[in-house]
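The numbering used here applies: residue 4 is where the sequence shown begins, and numbers increase by one.
All C-beta atoms in this analysis are idealised placements derived from N, C-alpha and C, irrespective of residue type, glycine included.
Keep in mind the model is a prediction, meaning the values are calculated, not measured.
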Amino acid sequence: MKIIFTALIYCLFANLSFSQSAELYDKNNTEMVDDYLWAVSVDKQGNKWLGTGDYGLIKFDGSEFTNLNEENSEIKGIFVSPIFTDSKGNVWLNFSKPNHRIAKFDGKNWEVFKENDLPTSQINVISIIEDIDGNVYFGGANGVLIFDGKKWKSLDFPSKGIIIRTMDIDEKGNFAIGHNSGLILRKNGVWKKLTKDNSDLQLSVVRAVKFVNDKLLVGYGGGMGNGGLSIIENDKWTHFNKTNSKIPDHMVRDIEIDNNGTIWMATNNGMIKMVNDKIEPIYFREGMYKNTVLDIETEGSIIWVATNFGLIKITQ
4 MKIIFTALIY
14 CLFANLSFSQ
24 SAELYDKNNT
34 EMVDDYLWAV
44 SVDKQGNKWL
54 GTGDYGLIKF
64 DGSEFTNLNE
74 ENSEIKGIFV
84 SPIFTDSKGN
94 VWLNFSKPNH
104 RIAKFDGKNW
114 EVFKENDLPT
124 SQINVISIIE
134 DIDGNVYFGG
144 ANGVLIFDGK
154 KWKSLDFPSK
164 GIIIRTMDID
174 EKGNFAIGHN
184 SGLILRKNGV
194 WKKLTKDNSD
204 LQLSVVRAVK
214 FVNDKLLVGY
224 GGGMGNGGLS
234 IIENDKWTHF
244 NKTNSKIPDH
254 MVRDIEIDNN
264 GTIWMATNNG
274 MIKMVNDKIE
284 PIYFREGMYK
294 NTVLDIETEG
304 SIIWVATNFG
314 LIKITQ
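Shown next, in the form of structure tokens:
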């Protein structure tokens with residue numbers, strides 16, 4: 004059922020050591036209904052939850068792939084993304100096509116939230132995060148919704164009418180919101196709007212943000228000359244693009260950190276592995292549009308990678 008293609012990977016990029024291996028799960032070697040995967044999350048039991056664009060949700064328990072769709076589950080939409088597992092073990096997701104809904108799985112039962120359950124007239128979720136107090140945030144085209152475990156409310160922040168692409172919040176309560184027109188930051192309770200005109204943002208579209216210690220990593224939505232990645236530390240900006248670094252692509256879709264402190268990033272042309280601000284590109288296949296990585300999830304030292312050609316497990 005599994006293809007071990009470590010040798011192929013080592014030929015294409017020499018940054019995986021001999022102690023690392025990669026396994027590919029796709030439609031050719033598993034019972035997966037689809038291998039164009041938009042999202043991946045790992046729950047407390049080790050189940051992998053995969054979002055597809057046309058076939059609903061896939062659950063992978065380590066041996067079997069189970070498709071959850073409108074015919075056999077509460078997932079009444081064919082497009083599933085994003086997916087997030089909170090600190091209590093609840094699996095949250097957004098499904099759509101035909102209708103946008105927020106769904107929560109507590110390990111036994113599904114609960115689906117519609118517009119009349121929420122303080123919004125329309126559901127549209129692109130990013131889900133959790134703060135240190137267990138509040139879960141849902142950001143998208145209609146602001147930010149917060150669920151405290153019992154009640155829903157809206158986040159009061161300065162920009163309206165934006166499309167939120169990404170969010171992160173650290174243990175101090177510092178908040179970062181990336182959207183189609185810039186970056187919004189909250190520090191010490193004060194909000195600040197950053198644009199290309201008033202900051203060192205390289206592009207207006209911010210697709211990924213991640214707090215790592217006292218740094219904020221900012222991934223952009225593409226671009227020819229710029230884009231890529233910026234690191235903000237003590238108001239100092241450092242930029243990484245295809246001209247001055249080994250970044251394989253200027254679109255950074257996701258940023259995650261494993262338990263070793265290694266940073267992994269999803270791009271339209273493979274992955275970025277960063278250790279101590281040193282960048283190494285990871286290519287899985289040769290050819291244009293053959294290495295699109297849409298989402299990453301860490302499980303200890305294991306990295307799960309959702310791509311446009313299947314699910315990859317990197318074991319360190």
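query                                                                                                                                                           : result
State the Cα-Cα distance for the pair W307 and E283, rounded to the nearest angstrom.                                                                           : 18 Å
Closer than 7 Å by C-beta to Q48: which residues in its own chain qualify, once you throw out the five before and the five after it? Chain order, please.       : none
Could you tell me if G320 is buried or exposed, where buried requires 16 or more neighbouring beta carbons within 10 angstroms of its beta carbon?              : Look at the range of the chain in this structure, 4 to 319, and you will see that residue 320 is not part of it.
Does N70 come out as helix, strand or coil in the three-state DSSP assignment?                                                                                  : strand
Among K195, L60, I105, which has the Cα closest to the Cα of D120?                                                                                              : I105
Is there at least one non-hydrogen atom of the ligand MG closer than 8 Å to the beta-carbon of I306?                                                            : The ligand MG is absent from the structure shown, which contains no ligand whatsoever.
Which one of R288, S157, M254 has the shortest CA to CA distance from D298?                                                                                     : M254
For D200, which of helix, strand or coil comes out of DSSP?                                                                                                     : coil
Distance, Cα to Cα, G290 vs L232?                                                                                                                               : 23 Å
Could you give the DSSP three-state label for K5: helix, strand or coil?                                                                                        : Bear in mind that a pLDDT of 32 at K5, under 50, signals an unreliable position, so the number given afterwards is only what the model happens to contain. Coil at K5, not helix or strand.
Exposed or buried, what is T246 when buried is set at 16 or more other beta-carbons lying within 10 Å of its beta-carbon?                                       : exposed
Assign P101 to one of two classes, buried (16 or more other C-beta atoms within 10 Å of its C-beta) or exposed (fewer than that).                               : exposed
Sorted by chain position, which residues of the same chain lie with C-beta nearer than 7 Å to I7's C-beta, five sequence neighbours on each side aside?         : Because I7 sits at a pLDDT of 39, beneath the cut-off of 50, its placement in the model cannot be relied upon, and the following sentence gives the value as read from the coordinates. Cβ neighbours of I7 beyond the five flanking positions: S24, E26.
Taking I317 as the reference, give the member of D280, V193, D261 with the closest Cα.                                                                          : D261
So, for L96: in the same chain, excluding its five sequence neighbours on each side, which residues have a beta-carbon less than 6 Å away from its beta-carbon? : V83, I86, A106
Starting from L186, follow its DSSP beta bridges and name the residues at the other end.                                                                        : G181, L197
Reducing DSSP to helix, strand and coil, say where N119 ends up.                                                                                                : helix
Comparing alpha-carbon positions, which option in K79, N50, V94 lies nearest E67?                                                                               : N50
Please state if the CB of G143 and the CB of S130 are separated by a distance shorter than 9 Å.                                                                 : yes
Helix, strand or coil for T33, going by three-state DSSP, please let me know.                                                                                   : coil
With distances taken Cα to Cα, identify the nearest neighbour of G264 among I250, R256, G164, K281.                                                             : K281
So the beta strand (DSSP E) L206 belongs to, where does it begin and stop?                                                                                      : Where L206 is concerned, there is no enclosing beta strand (DSSP E), given that its DSSP letter is neither H nor E.
What residue does the beta strand (DSSP E) around R325 start on, and which one ends it?                                                                         : There is no way to answer for residue 325, as the model of the chain reaches only from 4 to 319.
Report yes if the CB atom of P251 is closer than 9 Å to the CB atom of I266, and no otherwise.                                                                  : no
Strictly by DSSP, which residues pair up with D257?                                                                                                             : A269
Using DSSP's beta-bridge definition, name the partner residues of A144.                                                                                         : According to DSSP, A144 bridges with nothing at all.
Where Y140 and N244 are concerned, what is the direct C-alpha to C-alpha distance, given to the nearest angstrom?                                               : 30 Å
Per the DSSP calculation, K276 is bridged to which residue(s)?                                                                                                  : W267, E283
Any idea which residues DSSP pairs W307 with across the strands?                                                                                                : E300, K316
Looking at C-beta atoms only, is the number of pairs between the stretch 166-176 and the stretch 195-203 that lie closer than 8 Å three or more?                : no
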